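Residue numbers (this note's numbering): 69 to 575. From the three backbone atoms N, C-alpha and C, an ideal C-beta is built for every residue, glycine too. Remember, it's a predicted structure, so these values are computed and weren't measured experimentally. Below is one structure, written out as structure tokens; the observations come after it.
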Amino acid sequence: MPLAVLYSRAIAGMEAPLVTVEVHIANGLPGFTIVGLPEAEVKESKDRVRAALQNAHFEFPPRRITVNLAPADLPKESGRFDLPIALGILAATSQIPSDKLGLYEWAGELALTGELRAIRGALAMTYGAARSGRSFVLPQQNAAEASLVREAAVYPATSLLQICAHLAGREPLQLYSLHSEKDAGAGEGEEGARRYPGMEEVKGQAQAKRALEIAAAGSHSLLMIGPPGTGKSMLAARLPGILPAMTEEEALESAAMQSLGSSGFSVANWKRRPYRSPHHTASGVALVGGGSNPRPGEISLAVNGVLFLDELPEFDRKVLEVLREPLESGRITISRAARQAEFPARFQLVAAMNPCLCGYLGHYSGKCRCTPDQVARYRGKISGPLLDRIDIQIEVPAPPQEDLMRQAQGESSEIIQGRVQTAYQRQLERQGRANAYLAVKDIDKYCIPDKPGKNLLGQAISRLNLSARAYHRILRVARTIADLAASPGITGSHIAEAVQYRKMDRN
Ligand SMILES: Nc1ncnc2c1ncn2[C@@H]1O[C@H](COP(=O)(O)OP(=O)(O)O)[C@@H](O)[C@H]1O
Ligand SMILES: [Mg+2]
Numbered sequence: 069m070p071l072a073v074l075y076s077r078a079i080a081g082m083e084a085p086l087v088t089v090e091v092h093i094a095n096g097l098p099g100f101t102i103v104g105l106p107e108a109e110v111k112e113s114k115d116r117v118r119a120a121l122q123n124a125h126f127e128f129p130p131r132r133i134t135v136n137l138a139p140a141d142l143p144k145e146s147g148r149f150d151l152p153i154a155l156g157i158l159a160a161t162s163q164i165p166s167d168k169l170g171l172y173e174w175a176g177e178l179a180l181t182g183e184l185r186a187i188r189g190a191l192a193m194t195y196g197a198a199r200s201g202r203s204f205v206l207p208q209q210n211a212a213e214a215s216l217v218r219e220a221a222v223y224p225a226t227s228l229l230q231i232c233a234h235l236a237g238r239e240p241l242q243l244y245s246l247h248s249e250k251d252a253g254a255g256e257g258e259e260g261a262r263r264y265p266g267m268e269e270v271k272g273q274a275q276a277k278r279a280l281e282i283a284a285a286g287s288h289s290l291l292m293i294g295p296p297g298t299g300k301s302m303l304a305a306r307l308p309g310i311l312p313a314m315t316e317e318e319a320l321e322s323a324a325m326q327s328l329g330s331s332g333f334s335v336a337n338w339k340r341r342p343y344r345s346p347h348h349t350a351s352g353v354a355l356v357g358g359g360s361n362p363r364p365g366e367i368s369l370a371v372n373g374v375l376f377l378d379e380l381p382e383f384d385r386k387v388l389e390v391l392r393e394p395l396e397s398g399r400i401t402i403s404r405a406a407r408q409a410e411f412p413a414r415f416q417l418v419a420a421m422n423p424c425l426c427g428y429l430g431h432y433s434g435k436c437r438c439t440p441d442q443v444a445r446y447r448g449k450i451s452g453p454l455l456d457r458i459d460i461q462i463e464v465p466a467p468p469q470e471d472l473m474r475q476a477q478g479e480s481s482e483i484i485q486g487r488v489q490t491a492y493q494r495q496l497e498r499q500g501r502a503n504a505y506l507a508v509k510d511i512d513k514y515c516i517p518d519k520p521g522k523n524l525l526g527q528a529i530s531r532l533n534l535s536a537r538a539y540h541r542i543l544r545v546a547r548t549i550a551d552l553a554a555s556p557g558i559t560g561s562h563i564a565e566a567v568q569y570r571k572m573d574r575n
């Protein structure tokens, strides 16, 4: 029959809608047309498919080839349709049997030699295939990632020829079984934590480490202010290593986002909290996501992990303001003229900045010459509403030189992570979520300070002139401090410590 029908999938936001690839061969002048809203990479598919078929010693039919990618209104991008198109041509010209084609879904970019190349978004596509009850044939490089979907039947292949041998019944493809389950599990628990740099390498900075521990325990956002070279970047890189262990759902959500990103998901990172540190020259689209066919940005790639913004005032102000909404809602909606996509964006924000333009305000050397006006202007680059949304703001001062030399080794990440895990567990048992994500009505329920605590909070509000949002943040942080201390109630000392962490409200 001169017609072949195969199944594949497009990527639209987080979804992978079904695409039917229809290949028709007709008599007439030789030609090759792809219709159905193909983008540039799909149009180039023609040349790859032709070369791949010839190099695999198949006949490329000198006839009119029409490929229709349906539904027609769904944009199709990337080279992953190469494989179904090539197989469709072979089936429509009876070079391979077509009876079993409909049992599978196909995705893979072809090299000119006929080898298969890795694709983007394999995880989402595998979900789709599993739900439709079809098996999924995809490039070997993506197999481990795809097999994270437990109910899926995944057949990895390395080349077009291998697949043809499978369809001809000569050499069946092997069902990918999760012997990688073990590899996938390797990132769990202590081993996962060990692969991040260790907290014990940071000398001194006891207050900053304490703040980091609180931030980790309650998923609080954190801002570190201090002169250059005091270890702010160093501390931030060590936060993922002390975060609570990831649940299966969290790990899948993070993996799905990485899989949609340009660098893809590697199974070695399974259950490893993402750590993203985009440079301050990053564009808005790179940070929050976008594009005509929306892709996740850094804030979504950091989902369930850490987003570190170093040199915060250097970021474009407009870009920073966009962070406000996902910081509250944990999601980002990207609207483009044609379509809309929503990505999860529940990241933990960690930011670092210098106290002034030269960076040495308050340094023991006294070498800062910035005027108060310059300092104010520098800090003004970060808007009040954004600062308001940062739970913990601390100073990371420069330790005197001799201090740095004689400081003993601190606690290891494992020990700190143990305490964090216990405190986090308490939150889950009490309210089912981290303290940072407590809604205002839940704060009234779970974060009630005792009498001295109330008094202290009252004073702090009037002295520091705090906003309602800052007031709620203090209560959330105090709740985490109490959880770390295994205290059922919030006492005055917990409130006092939490108020200390509002550095930027005080000047
Ligand atoms: N408290 C510290 N303990 C150990 N090394 C430190 C400490 N602070 C700074 N350093 C050293 O100085 C380097 C620069 O630190 P970094 O974290 O980049 O500083 P910042 O981000 O505050 O400018 C680090 O790579 C580390 O070698
Ligand atoms: Mg730095």
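task: Quick one: give me the first and last residue of the beta strand (DSSP E) that G99 is part of.
output: One-based indexing of the sequence shown puts residue 99 at position 31. Run containing G99: G99 to V103, per the beta strand (DSSP E) assignment.
**Asked** Taking Cβ to Cβ, would you say E318 is nearer than 7 Å to P412?
**Response** As a working note, residue 318 is residue 250 in the sequence shown. As a working note, residue 412 is residue 344 in the sequence shown. Contact flag unset, no.
Check the C-beta distance from D459 over to S289 and give it rounded, since I have them as a contact under 8 Å. Your numbering for residue 459 matches position 391 in the sequence shown. Your numbering for residue 289 matches position 221 in the sequence shown. The pair is a contact, with the Cβ atoms about 5 Å apart (cut-off 8 Å).
Inset, instruction - Check whether the Cβ of D378 sits closer than 6 Å to any heavy atom of ligand 3, and report yes or no. - result: As for ligand 3, it is missing from this structure, which binds only ligand 1 and ligand 2.
What does DSSP give as the partner residues of T401 in its beta bridges? The residue given as residue 401 occupies position 333 in the sequence shown. Bridge partners of T401: E410.
Which one or two residues does DSSP pair with W10 in a beta bridge?
-> Past the boundaries of the shown model lies residue 10; the chain is included only from 69 to 575, so the question cannot be answered.
Note to self: At the level of alpha carbons, what is the spacing between R498 and K513?
What the structure shows: For the purposes of this step, residue 498 is taken as the residue at position 430 of the sequence shown. For the purposes of this step, residue 513 is taken as the residue at position 445 of the sequence shown. Going from the Cα of R498 to the Cα of K513 covers about 11 Å.
Shorter than 6 Å, the distance from the beta carbon of K300 to the closest heavy atom of ligand 2, or not?
Counted from its first residue, the sequence shown places residue 300 at position 232. Taking 6 Å as the cut-off, the C-beta of K300 counts as close to a heavy atom of ligand 2.
**Prompt:** For the putative contact between A566 and A546, defined by C-beta atoms under 8 Å, what is the C-beta separation to the nearest angstrom?
**Reply:** Along the sequence shown, read from residue 1 onward, the residue named residue 566 stands at position 498. Along the sequence shown, read from residue 1 onward, the residue named residue 546 stands at position 478. In this structure A566 touches A546 by the C-beta definition: roughly 4 Å separates them, less than 8 Å.
query: Buried or exposed: which applies to T315, given that a residue is buried once 16 or more other Cβ atoms fall within 10 Å of its Cβ?
result: For the purposes of this step, residue 315 is taken as residue 247 along the sequence shown, with counting starting at 1. Exposed, because fewer than 16 other Cβ atoms sit within 10 Å of the Cβ of T315.
I need the boundaries of the beta strand (DSSP E) containing V335, first residue and last residue. Here residue 335 refers to the residue found at position 267 when the sequence shown is read from its first residue. It is not in any beta strand (DSSP E) - V335 carries neither H nor E in the DSSP assignment.
query: So what's A254 in DSSP terms, helix, strand or just coil?
result: One-based indexing of the sequence shown puts residue 254 at position 186. The pLDDT assigned to A254 is 45, lower than 50, so where the model puts this residue is not dependable; a value taken from the coordinates is nonetheless given after this. Here A254 sits in coil by DSSP.
Q.
So if DSSP puts R363 in a beta bridge, which residue, or which two residues, is it bridged to?
A. The residue given as residue 363 occupies position 295 in the sequence shown. Partner(s): G358.
Secondary structure at A279, three-state DSSP: helix, strand or coil? The count along the sequence shown starts at 1 and reaches residue 279 at position 211. In the structure shown, A279 sits in a helix (DSSP, three-state: H, G or I).
Exercise for the section: Please classify S330: is it buried, with 16 or more other beta-carbons within 10 angstroms of its beta-carbon, or exposed? Expected result: Counting from 1 along the sequence shown, the entry for residue 330 is found at position 262. S330 comes out exposed.
query: Quick one: Cα of R202 to Cα of L235, how far?
result: As a first step, residue 202 is located in the sequence shown; it is residue number 134 there, counting from the start. As a first step, residue 235 is located in the sequence shown; it is residue number 167 there, counting from the start. Using only the alpha carbons, I get a separation of about 15 Å.
Spatially closest choice to L291 from P106, S480 and V464, by CA coordinates:
If you number the sequence shown from 1, residue 291 lands on position 223. For the residues P106, S480 and V464, the minimum Cα distance to L291 belongs to V464.
**Cβ-heavy atom distance, V270 to ligand 1, below 6 Å** = Within the sequence shown, residue 270 is the residue found at index 202, counting from 1. Yes, the beta carbon of V270 sits closer than 6 Å to at least one heavy atom of ligand 1.
* Contact set for Q477: own chain, Cβ-Cβ below 6 Å, skip 5 residues either direction -> The count along the sequence shown starts at 1 and reaches residue 477 at position 409. If we look at Q477 and ignore the five residues flanking it on each side, its Cβ neighbours are E268.
Practice problem: Give the straight-line distance between the Cα atoms of A124 and Q209, rounded to the nearest whole angstrom. | Solution: On the sequence shown, residue 124 is found 56 positions in, with the first residue counted as 1. On the sequence shown, residue 209 is found 141 positions in, with the first residue counted as 1. Those two C-alpha atoms are separated by around 20 Å.
Margin query: Measuring only from the beta carbon, is Q469 closer than 6 Å to any heavy atom that is part of ligand 1?
Written below: Reading the sequence shown from its first residue, position 401 is the one you call residue 469. It does not: the Cβ of Q469 is nowhere closer than 6 Å to a heavy atom of ligand 1.
Note to self: Going by DSSP, what residue range makes up the alpha helix (DSSP H) through A160?
What the structure shows: For the purposes of this step, residue 160 is taken as residue 92 along the sequence shown, with counting starting at 1. Note, A160: alpha helix (DSSP H), D150 to A160.
Next item on the list: Within the same chain, show all residues whose beta-carbon is closer than 6 Å to that of E256, passing over the 5 residues directly before and after it, in chain order.
Entry: Translated into positions along the sequence shown, residue 256 becomes position 188. Its pLDDT being 44, under 50, E256 is placed unreliably by the model, and the measurement read from it follows with that caveat. For E256, where only same-chain residues beyond five positions count, the Cβ hits under 6 Å are K339.
- Item | CA-to-CA distance, L180 to A119, given in whole angstroms | Taking the first residue of the sequence shown as 1, we reach residue 119 at position 51. Taking the first residue of the sequence shown as 1, we reach residue 180 at position 112. Approximately 5 Å between the Cα atoms of the pair.
- request: Assuming N422 contacts P265 (C-beta within less than 8 Å), just tell me the rounded distance between them.
  value: Residue mapping note: residue 422 aligns to position 354 of the sequence shown, counting from 1. Residue mapping note: residue 265 aligns to position 197 of the sequence shown, counting from 1. That pair is no contact at about 22 Å.
CA-to-CA distance, G170 to T226, given in whole angstroms: The sequence position of residue 226 within the sequence shown is 158, counting from 1. The sequence position of residue 170 within the sequence shown is 102, counting from 1. So the two alpha carbons sit approximately 20 Å from each other.
query = Cα separation between A279 and L355?
reply = Translated into positions along the sequence shown, residue 279 becomes position 211. Translated into positions along the sequence shown, residue 355 becomes position 287. Answer to the nearest angstrom: the Cα atoms are 26 Å apart.
### Task
Output the distance between the C-alpha atoms of L303 and Q242, rounded to the nearest integer angstrom.
In the sequence shown, the residue the question calls residue 303 occupies position 235. In the sequence shown, the residue the question calls residue 242 occupies position 174. Each residue's Cα considered, the two are about 46 Å apart.
I need the DSSP call for S480, collapsed to helix, strand or coil. Locating residue 480 in the sequence shown gives position 412, where the first residue counts as 1. Correct three-state label for S480: coil.
Between the region 93 to 113 and the region 187 to 198, can you find at least three pairs of beta-carbon atoms closer than 8 Å?
no
Exercise for the section: Could you say which of Q408, L395 and Y569 lies nearest to I462 if we only look at CA atoms? Expected result: In the sequence shown, the residue the question calls residue 462 occupies position 394. Comparing Cα-Cα distances from I462 to each of Q408, L395 and Y569, the minimum goes to Y569.
Who does Q461 pair with in a DSSP beta bridge? Counting from one through the sequence shown, the residue named residue 461 turns up at place 393. Beta-bridge pairing links Q461 to L291 and R570.
So does the region 396 to 407 actually touch the region 427 to 442, counting three or more Cβ pairs closer than 8 Å? No, the region 396 to 407 does not touch the region 427 to 442.
Does the Cβ-Cβ distance between E145 and E109 come in under 7 Å? In the sequence shown, residue 145 corresponds to position 77, counting from 1. In the sequence shown, residue 109 corresponds to position 41, counting from 1. In this structure, E145 places its C-beta atom within 7 Å of the C-beta atom of E109.
Excluding sequence positions up to five away, which residues of its chain have a Cβ less than 6 Å from the Cβ of R385?
-> For this step, residue 385 is matched to residue 317 along the sequence shown. Taking R385 as the centre and dropping the five residues before and after it, the same chain places no C-beta closer than 6 Å to its C-beta.
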